[in-house]
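Oh and the sequence shown: position 85 is 85 in the numbering used here, straight run, nothing missing. We treat Cβ as the ideally placed atom computed from N, Cα and C, and that holds for glycine. Each remark here refers to the structure printed beneath this line.
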Amino acid sequence: MSDKLLVICEARDGELRNVTFEAVAAAKKINAGAEIVGVLCGSDEMNEQAQEVIYYGADRVVTVKHDNLATYTSEGYSQAVMAVIEDESPDGIVMGHTAIGKDLTPRLAARLDTGLISDATTIENDGDQAVFIRPIYSGKAFEKKVISSGMTFVTIRPNNIPLLDRDDTRSGDVTAKQVDVTDLNTVIKDVIRKASEGVDLSEANVIVAGGRGVKSSEGFDPLYELADVLGGAVGASRGACDAEYCDYSLQIGQTGKVVTPDLYIAVGISGAIQHLAGMSNSKVIVAINKDPEANIFNVADYGIVGDIFEVIPKLTAELKEV
Ligand code: FAD
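Okay, here's the thing in structure tokens:
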């Protein structure tokens with residue numbers, strides 16, 4: 001059993017990402033009695049964020065502040081987090097299986113000469129040993145893994161592990177660690193973000209995703225309207241991205257984003273295995289397709305056989321009435 005678990009926290013534009021709190025909850029599942037230490041890297045003051053991590057279950061937080069940590073770089077963050085790991089000698093490390101987590105954790109595992117269980121969606125614990133369940137073969141099967149020796153190092157898929165209750169009365173130490181993050185081969189001079197529309201796709205509770213059946217970029221407009229009514233985000237199949245109906249940043253699937261919203265509405269998507277790899281763990285799936293044989297209906301909880309250009313406006317109008 002691990003006695004001290006580090007949680008590598010992630011923030012975007014100064015806001016902690018939800019997956020950070022999920023990682024704290026995951027650490028508790030791995031070992032309810034372990035000390036949980038958050039690690040926060042950045043270039044600004046991080047006291048408020050550190051407190052948030054404590055409210056969600058961490059016992060204390062170590063911050064590493066340096067100008068070279070303003071934006072994520074593999075080298076910079078590896079240096080900073082490695083310095084904390086060397087100080088703390090944790091028995092385990094937990095991080096979100098996000099773009100940053102996927103880049104950083106294998107580097108750290110290689111440096112630490114330890115194994116890594118990536119993309120766990122469930123953690124079971126009978127009080128004796130943590131069992132990590134993760135999807136394989138593009139989500140067609142699940143495997144169970146246990147750590148037989150060495151450090152417990154795991155990344156967790158966002159939106160799968162329920163958060164612990166937030167408790168604003170919790171307190172814990174926040175300590176600043178000085179790390180000289182230098183000699184970087186990569187220096188980020190500027191970040192130009194694409195203007196994003198509304199809710200972040202990877203953390204959305206509701207996703208309306210369009211496929212090639214949407215037929216054009218204008219065809220996506222009703223999907224944005226529906227997503228708006230539901231307070232959700234718009235995603236897409238690769239078919240729709242390849243056809244230039246929308247940007248690749250919306251792509252969901254094996255080579256796109258992996259999402260697990262409460263509600264996934266697949267609109268004019270056939271349900272290729274590579275698409276299912278990114279969304280089949282959604283809690284409720286609704287498929288709208290004119291082909292009753294479309295594979296998407298095999299994973300859908302609710303199916304509507306019909307023309308999306310008729311169904312979507314009606315659905316949106318009905319929901320506006322609610
Ligand atoms: P199609 O398969 O063409 O399906 C369109 C659907 O729309 C059809 O089912 C049709 O019945 C329906 N339709 C058409 N008109 C209407 C209408 N008016 N009303 C209702 N329904 C209608 N794909 C991904 O999505 N994500 C990935 O990450 C991904 N990675 C890949 C990686 C590799 C290595 C490979 C080889 C492929 C990958 N693909 C991925 C592509 C994948 O195999 C499919 O080609 C793709 O998902 C198909 O997109 P689609 O369902 O939008 O299009």
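Using a Cβ-based criterion (distance less than 7 Å to any ligand heavy atom), does residue i qualify as near the ligand FAD?
i, result
"F309", "yes"
"T122", "no"
"G235", "no"
"N289", "yes"
"Q251", "yes"
"I269", "yes"
"Q129", "no"
"H97", "no"
Whose C-alpha, out of the options, is nearest the C-alpha of residue i?
i, options, result
"V181", "I273, F309, D67 and G33", "D67"
"I93", "N185, Q129, V39 and R166", "V39"
"R60", "P135, D173 and Y137", "D173"
"A349", "V229, D228, S217 and I156", "Nothing about residue 349 can be reported from this structure: the residues present for the chain run from 1 to 322 only."
"L315", "S118, E22, D228 and S280", "D228"
"V267", "Q254, N295, L223 and V284", "L223"
"I117", "D126, S149, D301 and N185", "S149"
"D291", "S280, G213, K145 and Q251", "G213"
"I36", "S43, F21, G42 and M46", "F21"
"F153", "V7, A300 and F297", "V7"
"D168", "A23, A58 and V199", "A58"
"A243", "E86, G219 and Q254", "G219"
"D190", "A70, G42 and R134", "A70"
Which whole-angstrom value is the C-beta distance of residue i and residue j, which I expect to be below 8 Å?
i, j, result
"V208", "G232", "6 Å"
"L112", "V81", "About 11 Å separates the two Cβ atoms, so there is no contact after all."
"V234", "G211", "No, V234 and G211 are not in contact; Cβ-Cβ is about 12 Å, not under 8 Å."
"K257", "S202", "5 Å"
"A176", "T63", "5 Å"
"V19", "T73", "That belief does not hold up - the Cβ atoms of V19 and T73 are roughly 20 Å apart, past 8 Å."
To which residues does DSSP link residue i through a beta bridge?
i, result
"N125", "A130"
"R12", "E15"
"N205", "Looking at the DSSP assignment, N205 forms no beta bridge with any residue, so it has no partner."
"R111", "BP columns for R111 are empty, so no partner."
"F153", "I93"
"I285", "Y264"
"F142", "P135"
"A120", "I156"
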